[in-house]
Each structure stands twice: as structure tokens, then as C-alpha cells.
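Numbering (this note's numbering), first residue to last: 5 to 598. A virtual CB, placed ideally from N, CA and C, is assigned to each residue, including glycine.
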Amino acid sequence: MSDDPQADAGEAEPTSEKLVELAKRRGYFFQSSGAYGGVGGFYTFGPQGAALKGNVEDAWRDRFAVAEGNMEIDAPTIMPEPVFEASGHLDGFDDMLVECPECGESHRADHVVEDNTEYEDAESLPIPEVEEVIAEYELVCPNCGAGLAGQAVETFNLMFATNIGPGDSDPGYMRPETAQGIFVEFPRLKEYARNQLPFGVTQIGRAYRNEISPRRSIIRTREFTQAELEYFIDPEEDEPDLDAVEDVEVTLYPASEQNADDGEEVRMTIGEAVGEGVITSPWVAYFLGVAKPWYEAVGVDMDRFRFRQHLSGERAHYAADCWDAESEIDGNWIEMAGFAYRSDYDLSKHAEHSGDRFTVFRQYDEPKTVERATVDPDMSYLGPEFGGDAQAVVDELEALAARDREAFEGDTVEIDLEGESHEVPVEKTGFAVEEQTEAGEHITPHVIEPSFGVDRLVYTVLHHAYREDEVSGEDRTFLELEPEVAPTFVGVFPLQTDDELEAEAQAIAAELREAGLSVTYDESGNIGRRYRRQDEVGTPFCVTVDFESIEQEDGGVTVRERDSTDQKRLPIDDLAETLSAIRAGDLEFEDLEE
Ligand code: GAP
Numbered sequence: 005m006s007d008d009p010q011a012d013a014g015e016a017e018p019t020s021e022k023l024v025e026l027a028k029r030r031g032y033f034f035q036s037s038g039a040y041g042g043v044g045g046f047y048t049f050g051p052q053g054a055a056l057k058g059n060v061e062d063a064w065r066d067r068f069a070v071a072e073g074n075m076e077i078d079a080p081t082i083m084p085e086p087v088f089e090a091s092g093h094l095d096g097f098d099d100m101l102v103e104c105p106e107c108g109e110s111h112r113a114d115h116v117v118e119d120n121t122e123y124e125d126a127e128s129l130p131i132p133e134v135e136e137v138i139a140e141y142e143l144v145c146p147n148c149g150a151g152l153a154g155q156a157v158e159t160f161n162l163m164f165a166t167n168i169g170p171g172d173s174d175p176g177y178m179r180p181e182t183a184q185g186i187f188v189e190f191p192r193l194k195e196y197a198r199n200q201l202p203f204g205v206t207q208i209g210r211a212y213r214n215e216i217s218p219r220r221s222i223i224r225t226r227e228f229t230q231a232e233l234e235y236f237i238d239p240e241e242d243e244p245d246l247d248a249v250e251d252v253e254v255t256l257y258p259a260s261e262q263n264a265d266d267g268e269e270v271r272m273t274i275g276e277a278v279g280e281g282v283i284t285s286p287w288v289a290y291f292l293g294v295a296k297p298w299y300e301a302v303g304v305d306m307d308r309f310r311f312r313q314h315l316s317g318e319r320a321h322y323a324a325d326c327w328d329a330e331s332e333i334d335g336n337w338i339e340m341a342g343f344a345y346r347s348d349y350d351l352s353k354h355a356e357h358s359g360d361r362f363t364v365f366r367q368y369d370e371p372k373t374v375e376r377a378t379v380d381p382d383m384s385y386l387g388p389e390f391g392g393d394a395q396a397v398v399d400e401l402e403a404l405a406a407r408d409r410e411a412f413e414g415d416t417v418e419i420d421l422e423g424e425s426h427e428v429p430v431e432k433t434g435f436a437v438e439e440q441t442e443a444g445e446h447i448t449p450h451v452i453e454p455s456f457g458v459d460r461l462v463y464t465v466l467h468h469a470y471r472e473d474e475v476s477g478e479d480r481t482f483l484e485l486e487p488e489v490a491p492t493f494v495g496v497f498p499l500q501t502d503d504e505l506e507a508e509a510q511a512i513a514a515e516l517r518e519a520g521l522s523v524t525y526d527e528s529g530n531i532g533r534r535y536r537r538q539d540e541v542g543t544p545f546c547v548t549v550d551f552e553s554i555e556q557e558d559g560g561v562t563v564r565e566r567d568s569t570d571q572k573r574l575p576i577d578d579l580a581e582t583l584s585a586i587r588a589g590d591l592e593f594e595d596l597e598e
């Protein structure tokens with residue numbers, strides 16, 4: 005039965021404004037430090053939001069760490085400067101900033117251009133061109149309307165800087181991505197993986213970016229949570245299990261379609277996308293195939309979901325190819341995750357800067373006999389000839405022999421010492437080509453990185469779950485959240501104020517909690533208002549205890565389903581078991597016999 009036979013699950017158009025208001029009112033999220041006027045780009049997740057976010061993180065962990073057999077770590081959020089020198093963030097992690105000459109507010113210049121012209125990817129334009137576009141289109145300050153033409157566009161590094169310990173001799177930075185905490189520990193992590201590729205390391209944690217103009221509530225903030233997987237492979241030997249995902253249907257928006265005049269999204273299976281070369285990396289394809297059903301399971305609307313390939317100018321400094329998971333929010337596409345092929349960029353950079361070993365030994369099936377060119381220079385010649393530079397000459401000769409044997413074919417060999425060319429007689433170099441037997445070689449693994457933004461996913465899940473309908477002649481707002489992620493699974497109420505009803509309802513709530521369900525107990529306000537409250541926070545079921553429940557031997561309780569508002573009378577004895585089975589997806593409410 006329904007508490008209104010006329011209940012109509014209408015599809016009223018949800019808006020971000022309504023959602024943000026609901027989020028604040030019901031304890032999902034709100035701007036932090038409100039007592040001090042609030043601070044841009046920082047949000048607090050309230051009780052409902054923290055529970056939803058925690059459930060999303062648990063679901064991510066189950067799928068991308070546990071089910072994939074990957075390791076999870078938890079690294080510090082502050083890291084020393086050399087890490088970011090090596091990773092390229094110190095030099096390259098910049099946005100374009102333009103400051104208003106009137107009100108002094110700073111804006112992202114590429115966003116000002118994109119929001120007010122036909123340019124869709126202004127981030128990839130060189131700075132002088134962005135300045136020209138601002139002047140040509142007479143773009144104005146989004147805050148006060150003053151003209152921005154003629155204002156210098158500057159680069160602004162997004163990392164938050166700090167000092168490690170007293171003084172400023174040891175600068176550090178809040179990590180702008182959790183990934184670096186994994187990469188720098190590779191020499192130790194590979195030991196935990198018994199030096200066997202492929203292996204994956206995950207991390208769920210905070211990342212910090214001093215965004216020039218944080219906007220759209222938790223979609224662009226200065227402190228946010230990422231769930232990242234760094235998957236290390238041998239690019240020549242390892243292949244993903246594409247059979248496991250080949251039938252997954254995806255909506256793709258490849259770069260070629262974005263560049264074409266009449267380009268559009270294409271629907272195909274992962275198997276077809278790899279076969280037809282739409283996705284060139286089978287590893288990226290594999291993770292898109294894993295991610296799509298996962299997104300669906302946590303409540304992203306698949307009609308408002310796609311994977312979009314980065315255009316060449318859009319890719320991060322480390323990425324060889326990248327696809328974003330995007331969701332549609334009020335007609336705009338937002339990036340929820342990036343799936344990047346980072347090649348050996350990060351491990352090579354950290355090896356170069358730290359001097360540590362970021363390689364894995366690849367054992368050959370059979371030992372190989374290889375020819376190696378070696379030198380054994382005559383120091384009694386090099387010493388007097390080159391003095392203090394003699395060792396540098398030896399290093400140069402060794403490097404040259406390894407890369408260019410033909411250089412030793414004449415009477416003399418030419419080497420370069422700090423830009424100056426020198427000749428060394430070949431007979432003094434001890435050059436020889438020898439046969440050596442080798443069991444394997446040291447290789448630098450390549451990295452595939454699925455990088456999820458948890459906050460944007462939480463926002464999408466709420467937005468896509470937002471519904472409005474009418475029940476018993478009254479407007480109702482409810483969140484059609486998936487039971488797996490809903491902050492509360494069941495609300496338990498006594499029908500009215502009464503000691504016995506309240507005691508029984510409390511006992512039922514305790515029993516349901518003991519069964520592992522997330523329960524809220526509510527005895528305030530009339531029953532209709534309590535239903536609406538739970539509808540608005542997305543609680544899938546409500547249980548009401550009435551006099552029949554306590555006066556008869558297992559008189560049962562009324563269980564109401566959020567989406568249909570259907571109600572059924574179910575026995576108290578089996579309640580925990582029944583609701584647990586529904587939570588686990590083993591039972592449907594509509595199939596229950598009264
Ligand atoms: N390690 C790769 C990396 O950090 P990214 O595309 O810069 O890649 C990954 O970030 C995800 O983090 C994005 O897809 C987005 O969901 C989230 N994210 C990035 N910047 C954010 C911000 N300022 N506010 C909220 N989420 C953000």
C-alpha cells in the first residue's frame with residue numbers, strides 16, 4: 005500500500021541551487037568557518053555528507069583496492085620541495101590569473117574566456133593569445149563588470165607552500181595530488197609487491213590546490229578528497245584482462261569527434277573501442293570498463309555520464325593519453341575522474357632527482373648472450389693529458405661506447421666536455437666489444453592512473469538522486485540514493501508520544517544497528533513530517549511502531565519504501581534479516597509478502 009495512491013514520482017528538473025540549499029539544511033555540506041564569514045573553497049561535510057562520502061569511499065576501496073587485489077597506503081599530505089621539483093609541479097602546476105583593475109578580484113583568465121566566448125579549451129592557449137582574446141571580446145570582471153582588456157595575464161602556481169620546522173630553510177608543500185605520496189615510495193612498495201609487475205597501489209586522501217576562483221560549491225574547492233590508483237606495469241610484457249570488461253557499454257567522446265564540426269558522442273563496448281582504436285591503451289580501456297558499472301552502482305545516472313578524451317593541449321604535463329569520466333549537472337559536463345597513461349614519467353623523474361632506484365628487474369625466460377661495448381682507458385695517458393678532467397673523460401667514453409660504437413671506428417674518438425670538443429686516440433681508450441650473459445634487465449615501469457575526485461562524485465550522486473513529486477497533495481523532495489551509499493538505511497519511529505511505543509521502537513532500532521544497518525531514531529513531530537525528513541536525506545526505508553506492534557504477539561511494524569512510498573506490514577522477528585537482505589541486494593521490497 006502507499007500513503008498516497010496518487011503518488012507520482014515526477015521528474016521535476018533538479019537544480020544545483022535547490023540541492024545546495026538542501027545540503028546545508030539537512031547536513032550534507034556547507035561552507036566552512038561560517039562564524040567568521042566563511043572562507044572560499046573550503047567545505048565541511050555535515051553528518052549526512054560525511055556518512056555518504058564515507059560510504060562512497062568504502063565502495064571505491066572495495067572495487068579498486070580489494071576486488072582488484074591492489075595495496076592501499078596512507079601517506080602524509082605535506083611533502084618536501086624536492087618531491088615537487090622532480091614531479092614538475094613546482095614549475096608547471098600553474099593556472100592563468102587576471103586581476104581586475106577596479107575591484108582587485110583575481111579570476112582564472114581561461115574561465116573568463118570560456119564563459120564568455122566560443123573558446124572551449126582556453127587553458128591550452130598561450131598567455132599572449134588569452135590576453136588578445138580578452139581585449140578583442142572586451143571581456144569584463146565577473147565580479148564588478150570593469151573591463152579586463154590590457155590587464156596582464158600571469159601564471160599562478162596552485163600549490164600551498166609551508167615551512168617544515170622553524171625558519172624557512174626547508175620549504176614544503178601540501179600535496180596537490182595524492183599520487184606523489186605513492187610514487188616517492190616506489191622503491192619500498194615494489195618490495196612489498198615482491199618485485200613482481202604488474203601491481204597497483206591505492207590511496208584515498210586529501211589534496212590541496214590554491215584555486216584562483218573556487219566555484220560551484222564542492223565541485224571546485226581548495227581542499228578535496230581524491231581516490232587514486234597507481235597501477236605499475238611492464239609496458240612490453242603486461243596485458244590487462246580485457247575479457248572481463250569487453251562487453252561493458254560506454255558512451256565515449258573521443259578527441260577526433262570533439263575536433264570535428266559535426267562530431268558527437270559514440271556508444272560502443274569496451275571491446276569495440278579497443279578493436280577500432282578509439283581507445284589506444286588497452287590498460288586505460290580496462291579501467292574505464294571497471295569504472296562504468298561502478299559509477300552506475302553508486303548512483304550516477306548513466307544517461308548523464310560519458311568518458312571524454314583529453315584534447316592534446318589539455319593534457320597534464322605527465323600524461324601521454326587521458327580520458328575523463330564526466331557527469332552532466334544542469335546541462336554542463338563536469339570532470340569526476342581522470343584515467344591517465346602517465347608512462348614512466350614520474351618514476352624516471354624521481355629516479356633522476358633522488359638517485360634512488362625506481363626500476364624493477366625483468367627476468368628473461370632464458371638467459372641472453374648480448375654484445376656489450378666497453379672501454380678501459382689508459383690513465384697514464386689521460387692523466388697528464390686532461391689533468392683534473394680525466395675522470396670526466398672516462399665517464400664520457402663509457403657513455404659514448406654504450407650509445408655509439410661507430411664513434412670508435414677511426415683512429416681518434418671525439419668527446420664533448422662542457423661544450424668543448426676533445427680528441428682521444430682510440431688505442432688509448434681500451435675499447436672492446438665483449439659477449440656477456442645476462443639473466444634480465446632493470447626496467448622503469450609505466451603507470452596507468454585512475455584518479456577519482458570524491459567530492460565531485462558525491463555532488464553528482466546527490467544531484468542525480470534529487471527528485472520532486474507530490475504525496476497526499478503535498479510537494480515532496482526526496483533523494484533517490486542507492487542503499488549502498490545512503491547515509492542512513494532505515495529510520496525507526498514510534499507512531500506517537502507514548503512510553504511503551506518509544507521503548508519498543510528503541511529496541512527495534514538497537515536490533516537493526518546490531519545487524520549492521522545504519523539507523524536513525526526519530527520521535528519528534530508528526531509522522532508525515534518524519535517521513536518527509538527521511539525522504540529529504542535519502543533514507544530508503546522507514547519503520548513505524550504502533551499499538552498493534554506491541555499489543556499482539558509480534559504484531560508487526562509498518563515498513564515504508566522511500567521512492568514508491570508503498571507501505572507493508574512486516575513481522576518484527578524477521579525485520580533485521582529482511583532489511584539486511586534488501587540492503588545486500590538479495591531481496592526486493594516489492595516482492596515481499598505481507
Ligand atoms: N593525480 C591526477 C590528478 O590529480 P586531476 O585531474 O588534476 O588529476 C583528479 O584530479 C580529480 O580530482 C578530478 O577529476 C576531480 O574530480 C578532482 N579535483 C581536481 N581538482 C579539484 C578541485 N579543485 N576541487 C574538487 N575536486 C577536484
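- If the five residues before and after Ser128 are omitted, its C-beta is found closer than 6 Å to the C-beta atoms of Gly317 and Glu318, all from its own chain and listed in chain order.
- Annotation for Asp307: no beta strand (DSSP E) segment contains it, and DSSP assigns it neither H nor E.
- One thing to note: Val451 has its Cβ no nearer than 8 Å to the Cβ of Val496.
- For Met83, the three-state secondary structure derived from DSSP is strand.
- Membership of His450 in any alpha helix (DSSP H) is not indicated; the residue belongs instead to the beta strand (DSSP E) covering His450 to Gly457.
- Under the DSSP assignment, Leu26 falls in the alpha helix (DSSP H) whose first and last residues are Ser20 to Arg29.
- Linking Gln35 to Gly41 through their CA atoms gives a straight-line distance of about 9 Å.
- One thing to note: Arg361 has its Cβ within 8 Å of the Cβ of Ala355.
- Boundaries for Gly387: no beta strand (DSSP E) harbours it, while the alpha helix (DSSP H) harbouring it runs Met383 to Phe390, taken from the DSSP string.
- In chain order, Pro487, Phe493 and Leu521 place their CB closer than 7 Å to the CB of Arg587, counting only its own chain and leaving out the 5 sequence neighbours on each side.
- In this structure, the straight-line span from the alpha carbon of Ala394 to that of Pro388 is close to 9 Å.
- Taking a contact as a CB-CB distance under 8 Å, the pair Val397 and Val428 counts as one, their CB atoms being some 7 Å apart.
- Beta-bridge annotation (DSSP): Arg566 is not paired with any residue.
- The beta carbons of Thr182 and Ala69 sit no closer together than 8 Å.
- Bounds of the beta strand (DSSP E) holding Gln571 are Gln571 to Leu574.
- With a threshold of 7 Å, the Cβ atom of Phe88 does not count as near the ligand GAP, since no heavy atom of the ligand is closer than that.
- With respect to the C-alpha of Ala150, the residue from Arg534, Glu103 and Asp479 having the closest C-alpha is Glu103.
- The DSSP-derived three-state label of Glu330 is strand.
- Burial state of Gln556 is exposed, judged by a 10 Å Cβ sphere holding fewer than 16 other Cβ atoms.
- The region 288–295 makes no contact with the region 471–478; the number of CB pairs closer than 8 Å stays below 3.
- Straight-line spacing of the CA atoms in Val137 and Asp266 works out to 25 Å.
- Counting other Cβ atoms within 10 Å of its Cβ, Asp325 reaches 16 or more and is therefore classed as buried.
- Our two residues, Leu404 and Asp238, have alpha carbons roughly 27 Å apart in a direct line.
- Secondary structure at Tyr196: helix, using DSSP grouped into helix, strand and coil.
- Taking the Cα of Leu516 as reference, the smallest distance to any Cα among Ser358, Phe545 and Glu195 is reached at Phe545.
- DSSP places Phe164 outside both helix and strand once states are collapsed to three, so it counts as coil.
- By the C-beta density criterion, Ala113 is buried, having at least 16 other C-beta atoms within 10 angstroms.
- A straight-line Cα-Cα distance of about 37 Å links Pro286 and Leu101.
- Out of Thr501, Ala406, Ala443 and Ile223, the CA that lies nearest to the CA of Phe33 is found in Ile223.
- With contacts defined as CB atoms closer than 8 Å, Gly342 and Ser221 fail to qualify as a contacting pair.
- Within the DSSP bridge table, the entry for Asn336 names Ile333 as partners.
- At the C-beta level, Gly560 and Leu574 come within 8 Å of one another.
- In this structure, Gln207 has its CB at a distance of at least 7 Å from all heavy atoms of the ligand GAP.
- In this structure the region 209–217 lies against the region 79–92, because at least three pairs of beta carbons, one per stretch, are closer than 8 Å.
- Under the DSSP assignment, Ile419 falls outside any alpha helix (DSSP H), being part of the beta strand (DSSP E) whose first and last residues are Thr416 to Leu421.
- Pro498 and Glu518 do not touch by the CB rule: their CB atoms are close to 19 Å apart, not below 8 Å.
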